[in-house]
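Protein chains in written order, with my numbering: chain P, 7 to 120; chain D, 42 to 157.
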């Protein structure tokens, strides 16, 4: 799996948008970008994933650059409950033995403050 | 969304005993499940890949005789920590890949093991 680089920590004010960057300069053409988050002492929670196009769901938006070497996860209106460690991971999607074999980096500790 | 459940959520055992942790996919069939371990203030580390009906594949450095994995059905995988020692104390997390997936993996709530 390609490696990712994320800032170790970020702060965000409640109600504001949280923009979490991720660099994945060695991503291959058929690898997806996944975002998960982990709240203390819980299992990771899936947020969103994408290949080339920007994606949006009820939790967040994912913006992937045209060259696919970086992406940004956007939480449009951060709440205190969004305080967590956010992991950006690149991996193959369906098909192939590597599918699902996620390699977690250190992630970004996002702290949302009042 | 799909649910993956782990049991027990926490367990305390004496050194030298064995502990079994279950991982169940509650509303989907999972041909493949993954077991991770997480030490305090560290990231998740993949231990092994559990395939239904076949032997698990272990990551480098993970002792297969110490961490026994069984994936006997499409909804259940078990991890048994044999002859546990204090250094095995950790947060163990499983994830499941759906038989007909849409791309995401689903994680269990985790099981915290403390070996005295």
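Note that beta-carbon positions come from the ideal geometry of N, C-alpha and C, so glycine has one too.
Same chain, Cβ closer than 6 Å to residue i, five either side skipped, listed in chain order
i: residue 82(P); result: 23
i: residue 61(D); result: 119 and 121
i: residue 25(P); result: 78 and 80
i: residue 35(P); result: none
i: residue 114(P); result: 12, 13, 16, 26 and 92
The beta strand (DSSP E) enclosing residue i, as first and last residue numbers
i: residue 97(D); result: First-last for residue 97(D): undefined, no H or E at that position.
i: residue 153(D); result: 152-156
i: residue 44(D); result: First-last for residue 44(D): undefined, no H or E at that position.
i: residue 159(D); result: Outside the shown range of chain D, which is 42 to 157, sits residue 159(D), and nothing can be said about it.
i: residue 15(P); result: 15-19
i: residue 120(D); result: 117-122
i: residue 78(D); result: 71-79
i: residue 114(P); result: 114-119
i: residue 109(D); result: 108-114
i: residue 98(P); result: 90-98
Same chain, Cβ closer than 7 Å to residue i, five either side skipped, listed in chain order
i: residue 110(P); result: 93 and 95
i: residue 56(P); result: 38, 39, 68 and 70
i: residue 90(P); result: 43, 44, 45 and 116
i: residue 119(P); result: 17, 19 and 20
Own chain, CB closer than 8 Å to residue i, minus 5 neighbours either side, in chain order
i: residue 102(P); result: Its pLDDT being 49, under 50, residue 102(P) is placed unreliably in this model, and the value from its coordinates should be taken loosely. Same-chain partners within the cutoff: there are none.
i: residue 77(D); result: 85, 86, 87, 88, 133, 134, 135 and 136
i: residue 152(D); result: 47, 48, 49, 50, 51, 52, 62, 132, 133 and 134
i: residue 54(D); result: 60, 125, 154, 155, 156 and 157
i: residue 75(P); result: 29, 30, 31 and 33
Nearest neighbour of residue i, chosen from the options [CA to CA]
i: residue 48(P); options: 127(D), 156(D) and 136(D); result: 136(D)
i: residue 60(P); options: 98(P), 119(P) and 72(P); result: 72(P)
i: residue 75(D); options: 109(D), 82(D), 83(D) and 129(D); result: 109(D)
i: residue 95(D); options: 58(D), 101(D) and 115(D); result: 115(D)
i: residue 29(D); options: 101(D), 73(D), 80(D) and 100(D); result: Because residue 29(D) is not part of the residues shown, which for chain D are 42 to 157, the question remains open.
Closer than 7 Å at the beta carbon, the chain P residues around residue i
i: residue 84(D); result: 110, 111, 112 and 113
Contact list for residue i against chain D, beta-carbon separation under 7 Å
i: residue 49(P); result: 134, 148, 149, 150 and 151
8 Å Cβ cut-off: residues of chain D touching residue i
i: residue 107(P); result: 75, 87 and 90
Beta-carbon neighbours of residue i, restricted to chain D and to distances below 9 Å
i: residue 92(P); result: Those within 9 Å of residue 92(P) in chain D number zero; the least Cβ separation is about 12 Å.
Neighbour flag for residue i against chain B, beta carbons, 8 Å
i: residue 111(D); result: Protein chains in the displayed structure are P and D, and chain B is not among them.
Task: Inside the segment 22-84 of chain P only - beta strand (DSSP E) runs reaching at least 3 residues - done: Runs of the beta strand (DSSP E) lying entirely within the segment 22-84 of chain P and spanning at least 3 residues, in chain order: 24-29, 37-44, 51-56, 67-70 and 76-81.
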